[in-house]
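Asks:
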Amino acid sequence: MTPLQRAFHDVLADLGEGEVVSYGEVARRAGRHGAARSVGAFLAEHGSDLPWWRVVRADGSLAAHKVAEQQRRLRAEGVEVTGGRVTDAMPR
DNA sequence: TATATGACGTTGC
DNA sequence: AGCAACGCCATAT
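When we follow the working numbering, the leftmost residue of the first sequence carries the number 836, and every step to the right adds one.
See below:
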């Protein structure tokens, strides 16, 4: 585990129920402003044991892989999702 | 070192 | 609003 991965992990692990953030936001919270793509790369392997469904794109759209799955989980936490986008919680 | 790749972001059309 | 071009960061070859 590189310090960066540890950082990303911590940020993601701190996300609470119904708390939605963007990839860029995660990068910033981890002290790596602009490293949004890296967050995605990280989630690609260690995402299985983290609340990956609480991470969406900057415009609120869901990650283009398991859209249905992610939408299901978000709604289960009370997050409003319409047309593949989060509409109530405004990330950043 | 150099190049290619991708769960992204911003801007311009 | 939707899409294409770039730009960006970290990794894998």
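Built from N, CA and C at the ideal position, the CB exists for glycine as well.
By DSSP's criteria, Ser857 is part of a beta bridge. Which residues make up the other side?
Replies: As a first step, residue 857 must be located in the first sequence, where it is residue number 22. Looking at the DSSP assignment, Ser857 forms a beta bridge with Val891.
Asks: Mapping DSSP to helix, strand and coil, what is His844?
Replies: Numbered from 1 along the first sequence, position 9 holds the residue referred to as residue 844. Residue state, collapsed to three classes: helix.
Asks: Going straight from the alpha carbon of Val891 to that of Arg863, what length do you get?
Replies: By 1-based counting over the first sequence, the position of residue 891 is 56. By 1-based counting over the first sequence, the position of residue 863 is 28. Their backbone Cα atoms lie some 14 Å apart in a straight line.
Asks: Kindly indicate the opening and closing residues of the alpha helix (DSSP H) around Leu878.
Replies: To locate residue 878, count along the first sequence from 1; it is residue 43. Taken as a continuous stretch (DSSP letters only), the alpha helix (DSSP H) holding Leu878 covers Ala871 to His881.
Asks: By alpha-carbon positions, which one of Gly919, Thr837 and Val846 ends up nearest to Ser887?
Replies: Numbered from 1 along the first sequence, position 52 holds the residue referred to as residue 887. Rather than Ser, the amino acid found at residue 887 in this sequence is Trp. For Trp887, the nearest C-alpha among the options comes from Val846.
Asks: Whose C-beta lies closer than 7 Å to the C-beta of Val914 among residues of the same chain, with five residues either side of it excluded?
Replies: Sequence index remark: in the first sequence, residue 914 carries index 79 (1-based). Gly853, Val855, Val921, Asp923 and Ala924, listed in sequence order.
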